[in-house]
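Report on the structure given below.
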Amino acid sequence: MSLDKFRASIETPDTIQDLQAGLIGDGTLIPGLFGDVPLVYADYVASGRALEQVEDYIRHDVLPFYANSHTEASYCGSFMTRLRNDARAEIAKLTGAGDEHVVVFTGSGATTGLNKLVKLLGVDTAANPVVFIGPYEHHSNILPWRESKATVIEIPEAAHGGPDLDVLRAKLAEHSAADVKIGSFSAASNVTGIVTDPVPVTKILKDHGALSVWDYAGGGPYLEIDMSPCADAQIDAAVVSPHKFVGGPGASGVLILRKDAVTRHAPTSPGGGTVTFVSSWTHEYTQNISSREEAGTPNVIGDIRAALAFIVKDVVSQSFITAREHAVNVQALSAWGGHPQLTLLSGAHVNRLPIFSFLVSRKNGARFHHQLFTRMLSDIYGIQVRGGCACAGPYAHALLKIDEMASAGLLEELRLGNEINKPGWVRLNFSYLMSDVQVQFILESVLDLLNRLEEFEAYYDVDTLTARFSIKQNRTDQLAS
1 MSLDKFRASI ETPDTIQDLQ AGLIGDGTLI PGLFGDVPLV YADYVASGRA LEQVEDYIRH
61 DVLPFYANSH TEASYCGSFM TRLRNDARAE IAKLTGAGDE HVVVFTGSGA TTGLNKLVKL
121 LGVDTAANPV VFIGPYEHHS NILPWRESKA TVIEIPEAAH GGPDLDVLRA KLAEHSAADV
181 KIGSFSAASN VTGIVTDPVP VTKILKDHGA LSVWDYAGGG PYLEIDMSPC ADAQIDAAVV
241 SPHKFVGGPG ASGVLILRKD AVTRHAPTSP GGGTVTFVSS WTHEYTQNIS SREEAGTPNV
301 IGDIRAALAF IVKDVVSQSF ITAREHAVNV QALSAWGGHP QLTLLSGAHV NRLPIFSFLV
361 SRKNGARFHH QLFTRMLSDI YGIQVRGGCA CAGPYAHALL KIDEMASAGL LEELRLGNEI
421 NKPGWVRLNF SYLMSDVQVQ FILESVLDLL NRLEEFEAYY DVDTLTARFS IKQNRTDQLA
481 S
């Protein structure tokens, strides 16, 4: 048994339609304000959706033979060990990783991989490490570096989008004496979808002796991932969250890195499977980086799921994904751009994924709470989106023009329990598997709700301590009257 059987099962004459039909939960009825409504999922930035094709493969071709890996002596143990190795090799192939790279399965997303890199790349043992991060970073690509001994420098956004390369060059030159220099950037913003091309950034980093790290948590499901895009832009490490891919729920996180970038020879988390020998007096760790970094019982099924999600993306094809998302971007910007009650964050940038975050206002210009708008989209239209700041605090400050003094005041408000005053936005995105009908429904539903805010607002209560909105208990009486 190999992964080729799964690939063949989804390579059909009608691949896109078959995958659309295989989305689990699409159209399922969920409770709403006026009764049950069909579910329309537009929250892929947070997590992808399960596919029948993936679940059928796991159920029929993997689970019957499930056992812990790390053995070749039994049939099931050998089967799972080899299938897991196939999964690792498949991910390497689909990310341009060669013999000079290693694929490590890490937790449930990109966060574990980024935390591992702090030690793997020698930040914790360096005398003067400096890490350069971009303007769009998720907290997972900020906090691990901040909690290390590194000096963390944020590169601002350029006028045309992406990190300002002139500032990056200047900051790298300013810190040329640092013994460890790392640039860690998001391939795409999980807030606005703005894409950063890894090649020019990596070339600059390499010119200054810095390592190149890329966070593909938000962009991985939609962008090409290539560890070796060209000779002078070799990426040292990339983290991916396959659970965000179509068919990805339950998949393990993935870290791909160059072997020669690793300076640590002990595991970042010691445990079973990381050693070649242990006695009462000594122990020796394996030289195999993936084995050394995957301590304990592996999430074998999750690791295989990660490869299946990559295969789904590959079968759909990068050309289809890019073309479909460009078309949806044009459609959404045309429908929503310039609406007086909807402010698209960074809506003018063209080089972006169809990830949209927006502020909502009433007809009189007053702010309308993003969490209530999010709740209404679910209750009235069945559309699943997300309200908040998308775990991108510094970018939120820049987008919402919150300076240091205002930020300090906001923090004090939150410490006092006034969560209702926390700023944020409504975020949604359009999957490349969405039909034209679904895309149009989402576009029109947002516009319809903008016209009916006060009408529906009357049906909701709010807990100001948590900023959670709920349907009033006397809703039935209100409807009857």
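Position one of the sequence shown corresponds to residue 1 (full-length UniProt numbering), numbered consecutively onward.
We put the beta carbon where it would ideally sit given N, CA and C, even for glycine.
{"Asked": "Short check: CB of VAL104 to CB of GLU294, under 8 Å?", "Found": "yes"}
{"Asked": "Hey, ALA467 and ILE420: beta-carbon distance below 8 Å or not?", "Found": "yes"}
{"Asked": "How should PHE185 be labelled, buried or exposed, when 16 other C-beta atoms within 10 angstroms of its C-beta is the threshold for buried?", "Found": "buried"}
{"Asked": "Hey, LEU168 and SER140: beta-carbon distance below 8 Å or not?", "Found": "no"}
{"Asked": "Can you list, in chain order, the residues of its chain with a C-beta nearer than 8 Å to that of GLY220? Leave out the 5 residues immediately preceding and following it.", "Found": "ALA187, VAL240, SER241, PRO242, LYS244 and PHE245"}
{"Asked": "For PHE320 and THR15, what's the separation of their Cα atoms in angstroms?", "Found": "11 Å"}
{"Asked": "Provide the residue(s) that pair with VAL239 in DSSP beta bridges, ordered along the chain.", "Found": "ASP215 and LEU255"}
{"Asked": "What residue range is occupied by the uninterrupted beta strand (DSSP E) comprising GLY387?", "Found": "386-388"}
{"Asked": "Which residue's Cα is closest to the Cα of HIS70: HIS60, ARG82, TYR222 and ASP61?", "Found": "ARG82"}
{"Asked": "At the level of alpha carbons, what is the spacing between MET227 and TRP214?", "Found": "10 Å"}
{"Asked": "Applying the 10 Å Cβ sphere with the 16-neighbour rule, what's the burial state of THR12?", "Found": "exposed"}
{"Asked": "When the distance is taken between beta carbons, is ILE10 closer than 8 Å to VAL385?", "Found": "no"}
{"Asked": "Just verifying my parser: in three-state terms, what is the DSSP assignment at ALA110?", "Found": "helix"}
{"Asked": "Just curious, the beta strand (DSSP E) that GLY183 is in, first and last residue?", "Found": "180-186"}
{"Asked": "My parser needs the beta strand (DSSP E) runs of 3 or more residues fully inside the segment 66-124; what are they?", "Found": "101-105"}
{"Asked": "State the beta-bridge partners of THR202 as determined by DSSP.", "Found": "For THR202, which the question treats as bridged, DSSP gives no partner whatsoever."}
{"Asked": "For the 8 Å Cβ check, are there 3 or more pairs between the segment 121-136 and the segment 348-359?", "Found": "no"}
{"Asked": "Say whether the segment 20-29 touches the segment 366-377, bearing in mind that this needs 3 or more beta-carbon pairs closer than 8 Å, one atom from each stretch.", "Found": "no"}
{"Asked": "Since VAL152 is in the beta strand (DSSP E), which residue starts that stretch and which ends it?", "Found": "151-154"}
{"Asked": "Give me whichever residues DSSP pairs with ARG7 in a beta bridge.", "Found": "None; ARG7 has no bridge partner."}
{"Asked": "Looking at GLY183 and VAL201, is the spacing between their C-beta atoms short of 8 Å?", "Found": "yes"}
{"Asked": "Which residues in the same chain as LEU344 place their Cβ atom closer than 7 Å to its Cβ, once the five residues preceding and following it in sequence are excluded?", "Found": "TRP336, GLY337, PHE356 and PHE358"}
{"Asked": "Can you tell me the Cα-Cα spacing of residue 487 and ARG292, whole angstroms?", "Found": "Past the boundaries of the shown model lies residue 487; the chain is included only from 1 to 481, so the question cannot be answered."}
{"Asked": "Taking SER252 and SER108 to be in contact with their CB atoms under 8 Å, please state how far apart those CB atoms are, rounded to whole angstroms.", "Found": "7 Å"}
{"Asked": "Are VAL254 and ALA306 closer than 8 Å when you measure CB to CB?", "Found": "yes"}
{"Asked": "Can you give the Cα-Cα distance for ILE304 and ALA87, rounded to whole angstroms?", "Found": "5 Å"}
{"Asked": "Measure the alpha-carbon distance for SER2 versus ASP36 and round it to whole angstroms.", "Found": "42 Å"}
{"Asked": "Since GLU224 and GLN341 are thought to touch, with beta carbons under 8 Å apart, how far apart are those beta carbons, to the nearest angstrom?", "Found": "About 37 Å separates the two Cβ atoms, so there is no contact after all."}
{"Asked": "Can HIS51 and ILE24 be called in contact, C-beta distance under 8 Å?", "Found": "Note on identity: in this sequence residue 51 is Leu, with His being the wrong assignment. Closer than 8 Å, so yes."}
{"Asked": "Considering only the beta carbon of each residue, do GLY77 and ASN85 sit closer than 8 Å?", "Found": "no"}
{"Asked": "Which whole-angstrom value describes the C-beta separation of HIS370 and GLY424, a residue pair presumed to lie in contact below a C-beta threshold of 8 Å?", "Found": "5 Å"}
{"Asked": "Does the segment 256-276 come within contact of the segment 87-101, defined as at least 3 CB pairs closer than 8 Å?", "Found": "yes"}
{"Asked": "In angstroms, rounded to a whole number, what distance separates the CA positions of VAL426 and ILE471?", "Found": "19 Å"}
{"Asked": "Measuring CA to CA, which of ASN299, SER189, GLU90 and ASP232 is closest to TYR222?", "Found": "SER189"}
{"Asked": "According to the neighbour-count rule (16 or more other Cβ atoms, all chains shown, within 10 Å of its Cβ), is ALA480 buried or exposed?", "Found": "Annotation note: pLDDT 47 at ALA480 (below 50); position unreliable, coordinate value reported separately. Exposed, by the Cβ-count rule."}
{"Asked": "Give me, in chain order, the residues of the same chain whose beta-carbon lies closer than 8 Å to that of PRO354; leave out the 5 immediate sequence neighbours on both sides.", "Found": "GLY193, GLU325, VAL328, ASN329, ALA332, ASN429 and PHE430"}
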